[in-house]
Amino acid sequence: MIRGIRDRVAIVGMGCTPFGERFDCGADDLVVDAATMAMADAGISPDQIDAYWVGTLKSGTSGLTLSRPLQIRDRPVTRVENFCASGTEAFRAACYAVAAGVSDLAMAVGVEKLKDSGYSGLDVSLVPPDGAGVDFSVPASFALLAPAYFQKYGLNAELGKRVLARIAWKNHQNGALNPLAHYRRGVDMDEILASPVMAEPLGIMDCAGVTDGAAAVVVARAEDAGQYRPDPVYVKALAVSAGASSGDADPFYDFTTITSAADAARKAYAEAGITDPRTQLDLAEVHDCFTVTELVLMEDLQFSPRGAAWRDVLDGSFDRNGVLPVNPDGGLKSFGHPIGASGVRMLFECYLQLREKAGPRQIRDARLALCHNLGGVPWSCISAVTVLGRHPEAL
Amino acid sequence: MAGILAFGAHVPVNRLEHVGIERTAATRRVAGPDEDSLTMAVGAALDCLRGSHRFQPDYVGFATTTPPYAEKQAAPILATALALPDETRTVDVGHSVRAGTTAMLTALDAVTAGSAHQALVCAADTRPWAPGSIEESASGDGAAALVLGKGDVVAEILGTVSLAADWNNQWRGPADPFVRTWEERFAPIEQYPPLVSAAVAKVLERAGLTPAGCHKLILYLPQPRANRRLAAQLGFRTDQILDHQLAGMGSAGAAHAGLALVAALESAQPGERLLLVAAGDGVDALLLQVTPRIRDFAPRQGFATALAQQRPIAYERYLHWRDLMAIAPPRRPTRPRPSAPAAWRKRLVNMAFCGARCRICGTAQFPPPRICIRCRARDEFEPLPFACQRGRVQTYTTDYLALSPDPPTPLAVVDFDGGGRAILEVTDCAPGDLRIGLPVEVTFRRLFAGESLIVYYWKARPVHGGTPA
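Protein chains in written order, with our numbering: chain U, 799 to 1193; chain C, 60 to 528.
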């Protein structure tokens, strides 16, 4: 009988490096720093960890990416990858290992070292080996959401741009309170609206930071979590969904939704027993690779009804003091987006918030949190939705 | 009698109005950075083959002085883009501005001998002129296509003459970036008159005609300014001479004679006789008579309609497109060379823009998958051509980051009228013209080259006039 993952696994330790243009660090350094912090936080030594997973897109192949710098001795170590959802994928594998009873303690690390490349923007190509295809930049692939959304819900270009800017404004306000974030200052709306265009209508201030960083998480079975700390955080749901990626060939897809996010959310809510996400969740970390992505996700994750997210954004519903705080740590936008690390970094903020350790960003009575991590482009992507809770057996 | 069954043209939208540091006035067409002689030939061929009547050539001749490769035949690439069968005669004709008419004569021989039934001849050129040269401002880039055959011809070929000459007039060595020329007085005074006169005299005499019996003289000379005087010397009146600049096209090298013929045919009446003469390392002459069938044929868009689309560009942009002015590239990774096996497997998809229709549920899809995107049936597909389909923009953006010789790059999700969708670059379009619902068609273009292997693919462009396929 399938029991699901709810309340079977707990996070017992986490670490997160400062995110930024870490010219002082290679991928090895980031991995060592994050893993060391997580083990110290859990109060364990490396020998206690039974299995490791590392999520990274371009900063290493094979599990050796982790085992070599950490000098791990005689353990299973595996690299996993799902584009920008690699971090959550590493976490998911670690959770299943302990839930299956194969490991007692497992560690997942997400890492990305982007700033050694010297390129502007992400060095990721959608062009097939025969060369015959559109050479999208990543901003362009998400920018396609904007005209479709604006047209469908009656926003003119100017209003649409303001809605997007309001999302960037919120995330920078949040990041300004986060000592680990890449960008730590508030930015006013005028500066955001005037930022140079990357892919119409997205300006540079609508785009996540190109950032280096790593984060790590240690998990144990829920019933053993008390051995490591008095305040573990429980996994309520882990849902991953990949679609058929036919949105670029099927006129049925209308570019106002990210279908894998909607599907993963439905499954996660069913597993966690959530029937009204907007009121039952206390915070959410979502994949704001671009402002327009966050806008659309508010509807796919059922935080707003279809066609209403833009109004919620302007009303401040997702601000830190709003109905449902979204990206209280600054999100990909201002915390930055080291591709493989982001999924684990999202867990980190939830881990702090649910244990009342988020300092000036603390949300009152934080009991239930959601992470949404996305890998790919709007018409072809994998969504990973994780629900975490302060208490086992209860929402 | 053999003759012309169909005709078509491709004219780049880009129009140069000033050249040089002094901004000398000019009127000429410039191939865009995603165009070359081959892409323009494909455009002209589709204009010709998919107009009012559909043609299926069994012979492809490609004529140019600027082929995409020094070694790798272009006519088979053209045949692939047109989804022609393996048993298609292919011939590249080059090295002279006379290549266009020579290709016509060779095709005519094949049709007359019966070894070809519908012979497609495409002539295209993007001749490289030194910045500041006289020719730079008067030269144009474009392509013409003709189908030669027997039966329901729109113009009969009454006679032909071909004379050869070893002229040091215009030439280009293998490593020369630009065409070299002798001073422009020499050939028009000493070389053209005797040979052009001889060719014209022979072709008219064999048909029992005089210059007065011709409605139009279409005279191509490598030095176009000598055109009028020579025509007068030959006994033609001013009103008989077709404008050598083709109303702003420019002097189009190997493509010129064909483009001029297309321009003449677009306004020709039944019974008119056209004398086509092209000089370059010799002289070719063709005498044609328009038939009543001219009223039944129309290309898909045609030369005049294509010429009406204009996008003025600055001289610096032209220099950059021709790699004559380097601009600091964006900090983006260079593209790897294309995989030959991958390109081979996808050749009908990439080169002929061929998709598929599911036999089980009828869904049109591009590119052709193994598993239907709608009903999930596996390997149940019929080929479905998309090259002549039209569609509308469903959503769009303009990419400022992508590597491009002409940034920013408009991109659109195109929903085809006949079903199916593709995400494509949009070319020949100002970013501000993009909108949801914009009608577009597809066009064959050049994306990039890796280790000299050129990647061709299709882009969308706004629809301008013409009849839907």
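Beta carbons are placed, not taken as given, at the ideal position from N, Cα and C, and that holds for glycine.
From a predicted model like this one, the values you see are computed outputs, not experimental measurements.
For the candidate residues U:Arg1019, U:Thr1077, U:Ala1012, whose alpha-carbon lies nearest to that of Ala832 (chain U)?
-> Looking up residue 832 (chain U) in the first sequence gives position 34. It is U:Ala1012.
Using beta-carbon positions only, say whether Asp1127 (chain U) and Glu1083 (chain U) come within less than 8 Å of one another. In the first sequence, residue 1127 (chain U) corresponds to position 329, counting from 1. In the first sequence, residue 1083 (chain U) corresponds to position 285, counting from 1. Yes, they are a contact pair.
Notebook entry, point to check: Do the region 830-848 of chain U and the region 1012-1023 of chain U make contact, defined as three or more Cβ pairs closer than 8 Å?
Noted result: yes
- Task: Using a Cβ cut-off of 9 Å, pull out every chain U residue sitting near Gly509 (chain C), in sequence order please.
- Result: Here residue 509 (chain C) corresponds to residue number 450 of the second sequence, with the count starting at 1. Per Cβ cutoff of 9 Å: Gly929.
Practice item. Spell out whether any CB of chain U is found under 8 Å from the CB atom of Asn409 (chain C). Key: For the purposes of this step, residue 409 (chain C) is taken as the residue at position 350 of the second sequence. Yes, its Cβ sits closer than 8 Å to a Cβ of chain U.
When the Cβ atoms of the region 937-947 of chain U are set against those of the region 1110-1129 of chain U, are three or more pairs found closer than 8 Å? no
| CA nearest to the CA of Asp1046 (chain U), picked from U:Gly1134, U:Arg820, U:Phe934 | Translated into the one-based positions of the first sequence, residue 1046 (chain U) becomes position 248. Selected option, being the one with the closest Cα: U:Phe934.
Subject >> Leu97 (chain C) to Ala134 (chain C) span [Cα, whole Å] >> reply: By 1-based counting over the second sequence, the position of residue 97 (chain C) is 38. By 1-based counting over the second sequence, the position of residue 134 (chain C) is 75. Straight-line Cα distance between these residues: approximately 9 Å.
| query | First and last residue of the beta strand (DSSP E) that includes Thr1089 (chain U)? | reply | Stepping through the first sequence from its first residue, residue 1089 (chain U) is reached at position 291. Here Thr1089 (chain U) belongs to no beta strand (DSSP E); instead the alpha helix (DSSP H) covers 1089-1098.
- Task: Report yes if the CB atom of Gln453 (chain C) is closer than 8 Å to the CB atom of Asp474 (chain C), and no otherwise.
- Result: Position 394 of the second sequence holds residue 453 (chain C). Position 415 of the second sequence holds residue 474 (chain C). Taking 8 Å as the Cβ cut-off, Gln453 (chain C) and Asp474 (chain C) qualify as a contacting pair.
Take Val101 (chain C) as the anchor and find which of C:Ala197, C:Thr160, C:Ala203 has the nearest alpha-carbon. Within the second sequence, numbered from 1, the residue matching residue 101 (chain C) stands at position 42. It is C:Ala203 whose Cα lies nearest to the Cα of Val101 (chain C).
Quick one: using the 10 Å Cβ neighbour count with 16 as the cut-off for buried, is Asp458 (chain C) buried or exposed? Working through the second sequence from its first residue, we reach residue 458 (chain C) at position 399. The residue is buried, with at least 16 neighbouring Cβ atoms inside 10 Å.
Report task. Consider the Cβ of Gly479 (chain C): report whether some Cβ of chain U lies at a distance smaller than 8 Å. Result -> Numbered from 1 along the second sequence, position 420 holds the residue referred to as residue 479 (chain C). Chain U contact via Cβ: present.
Query - Same chain, Cβ closer than 8 Å to Tyr515 (chain C), five either side skipped, listed in chain order - result: Taking the first residue of the second sequence as position 1, residue 515 (chain C) is located at position 456. Leu97, Thr98, Ile136, Ala140, Asn409, Met410, Phe503, Arg504, Arg505, Leu506, listed in sequence order.
Worksheet item: What is the DSSP secondary structure of Trp851 (chain U), reduced to helix, strand or coil?
Response: Position 53 of the first sequence, counted from the first residue, corresponds to residue 851 (chain U). Reduced to three states, the DSSP call for Trp851 (chain U) is strand.
Subject >> Where the alpha helix (DSSP H) containing Asn969 (chain U) begins and where it ends >> reply: Position 171 of the first sequence, counted from the first residue, corresponds to residue 969 (chain U). 955-973 is the span of the alpha helix (DSSP H), which, as asked, contains Asn969 (chain U).
Checklist line | Per-residue DSSP class, three states only, for Pro270 (chain C) | finding: Within the second sequence, residue 270 (chain C) is the residue found at index 211, counting from 1. Three-state DSSP puts Pro270 (chain C) in a helix.
- Task: Alpha carbon to alpha carbon, how far is Val206 (chain C) from Ala65 (chain C)? Give it in angstroms, no decimals.
- Result: Here residue 65 (chain C) refers to the residue found at position 6 when the second sequence is read from its first residue. Here residue 206 (chain C) refers to the residue found at position 147 when the second sequence is read from its first residue. Going by the C-alpha atoms only, they are around 5 Å apart.
Are Leu333 (chain C) and Ala344 (chain C) touching if we call contact CB-CB under 8 Å?
As a working mapping, residue 333 (chain C) is identified with position 274 in the second sequence. As a working mapping, residue 344 (chain C) is identified with position 285 in the second sequence. The answer is no: Cβ separation not under 8 Å.
message: I need the straight-line Cα distance from Pro400 (chain C) to Gly908 (chain U), nearest angstrom please.
response: Numbered from its first residue, the second sequence carries residue 400 (chain C) at position 341. Numbered from its first residue, the first sequence carries residue 908 (chain U) at position 110. Approximately 36 Å, taken between the alpha carbons.
Name the two residues that bound the continuous alpha helix (DSSP H) containing Asn73 (chain C).
What you label residue 73 (chain C) is simply residue 14 of the second sequence in a count that begins at 1. Not the alpha helix (DSSP H): Asn73 (chain C) falls in the beta strand (DSSP E), residues 73-78.
* Classify Trp226 (chain C) as helix, strand or coil using the three-state DSSP reduction. => Taking the first residue of the second sequence as 1, we reach residue 226 (chain C) at position 167. DSSP places Trp226 (chain C) in coil when its eight states are reduced to three.
Taking 8 Å as the cut-off, decide whether the C-beta atoms of Ala142 (chain C) and Leu366 (chain C) are in contact. Start at 1 with the first residue of the second sequence, and residue 142 (chain C) comes out as number 83. Start at 1 with the first residue of the second sequence, and residue 366 (chain C) comes out as number 307. No. Outside cutoff.
With 8 Å as the C-beta to C-beta threshold (strictly closer), list the residues of the region 432-447 of chain C near chain U in chain order.
Ile432, Arg433
* Asked: Among U:Ser1115, U:Val1094, U:Asp1004, which has the Cα closest to the Cα of Phe1088 (chain U)?
  -> Taking the first residue of the first sequence as position 1, residue 1088 (chain U) is located at position 290. Ranking U:Ser1115, U:Val1094, U:Asp1004 by Cα distance to Phe1088 (chain U) puts U:Asp1004 first.
Quiz prompt | Straight-line gap, Thr876 (chain U) to Thr1184 (chain U) (C-alpha atoms, nearest Å) | solution = The residue you call residue 876 (chain U) lines up with position 78 of the first sequence. The residue you call residue 1184 (chain U) lines up with position 386 of the first sequence. Their Cα atoms are separated by approximately 21 Å.
Asp827 (chain U), enclosing alpha helix (DSSP H) - first and last residue:
As a position in the first sequence, residue 827 (chain U) is number 29, starting the count at 1. Where Asp827 (chain U) is concerned, the enclosing alpha helix (DSSP H) stretches over 825-840.
Are there 16 or more other CB atoms within 10 angstroms of the CB of Trp380 (chain C), so buried, or fewer, so exposed?
Residue mapping note: residue 380 (chain C) aligns to position 321 of the second sequence, counting from 1. With 16 or more other Cβ atoms within 10 Å, it is buried.
Applying the 10 Å Cβ sphere with the 16-neighbour rule, what's the burial state of Met1096 (chain U)? As a position in the first sequence, residue 1096 (chain U) is number 298, starting the count at 1. With 16 or more other Cβ atoms within 10 Å, it is buried.
Any beta-carbon of chain C closer than 8 Å to the one on Val1008 (chain U)?
-> Here residue 1008 (chain U) refers to the residue found at position 210 when the first sequence is read from its first residue. Judged by the 8 Å Cβ criterion, Val1008 (chain U) is not in contact with chain C.
Among the residues of its own chain, which have a CB less than 8 Å from the CB of Leu268 (chain C), if the five just before and after it don't count? Within the second sequence, residue 268 (chain C) is the residue found at index 209, counting from 1. Arg332, Leu346, listed in sequence order.
For the beta strand (DSSP E) that Lys518 (chain C) lies in, which residues bound it at each end? To locate residue 518 (chain C), count along the second sequence from 1; it is residue 459. Residues 512-521.
Item to complete: Using DSSP bridges, identify the partner residues of Leu1081 (chain U).
Response: Locating residue 1081 (chain U) in the first sequence gives position 283, where the first residue counts as 1. According to DSSP, Leu1081 (chain U) bridges with U:Ala1167.
Is it true that the region 492-499 of chain C meets the region 436-452 of chain C, where meeting means three or more beta-carbon pairs spaced less than 8 Å apart?
-> yes
What are the start and end residues of the alpha helix (DSSP H) that includes Ala399 (chain C)?
Taking the first residue of the second sequence as 1, we reach residue 399 (chain C) at position 340. 399-404 is the extent of the alpha helix (DSSP H) around Ala399 (chain C).
* To do: Buried or exposed for Leu775 (chain U), please, with buried defined as at least 16 other CB atoms from any protein chain shown within 10 angstroms of its CB.
  => There is no way to answer for residue 775 (chain U), as the model of chain U reaches only from 799 to 1193.
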